[in-house]
Every structure is written in structure tokens, then in C-alpha cells.
């Protein structure tokens, strides 16, 4: 169901343990309550699907929807000496 009101595009970041997905989504400024933009139900379902696919590692599909950023080993360990193995 479409909510009446002005449509705006916003950048949304979906974060999982391994990936961050950046994508543009549509928000609605409802005519009856313009105090804050909101998502329509279809957008909420789409964002859930993005998160589920990111958790499964479906990078090819995610790349069709937005930009995908992957965590690297050094970032996961804090990047300092404490995260490195000593020999």
C-alpha cells in the first residue's frame, strides 16, 4: 500500500558481521504527519532481504542493489599489535 506524501531518497547502510551494504532507499514524508520520513512496508521487506543475503554472503546479488564493503582481518582484530600473531 502506497503512503500518500512526498518521496525522498536516502542512503541506508545495512551492517552484518562480514559486510556493510550501502544503498539508496525511498522514504515517504506522510502528508498527515510530516514530522519525520518513514519507510513503506515494501521498503522494510527489501531491507530485511538485504540483511539476510548479506548474512549468507550473497555478494553477487548485493552488488546489483548497492555498494558492498567487506571486513578485512586487520580491522576485525583492532589493527594493532595485539591482533597479530608473534613469531
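In my numbering, the protein residues as written are 3 to 89. Note that beta-carbon positions come from the ideal geometry of N, C-alpha and C, so glycine has one too. This structure is a prediction, so every number in the text was calculated from the model and none was measured.
According to DSSP, is residue i helix, strand or coil?
i	result
residue 7	strand
residue 74	coil
State the beta-bridge partners of residue i as determined by DSSP.
i	result
residue 24	15 and 69
residue 30	9 and 40
Hey, out of the options, whose CA is closest to residue i's CA?
i	options	result
residue 75	20, 40, 12 and 9	20
residue 31	65, 73 and 5	5
residue 67	8, 9, 11 and 23	23
Across the segment 48 to 56 and the segment 29 to 36, are there enough close Cβ pairs to call them in contact, namely three or more that are closer than 8 Å?
no
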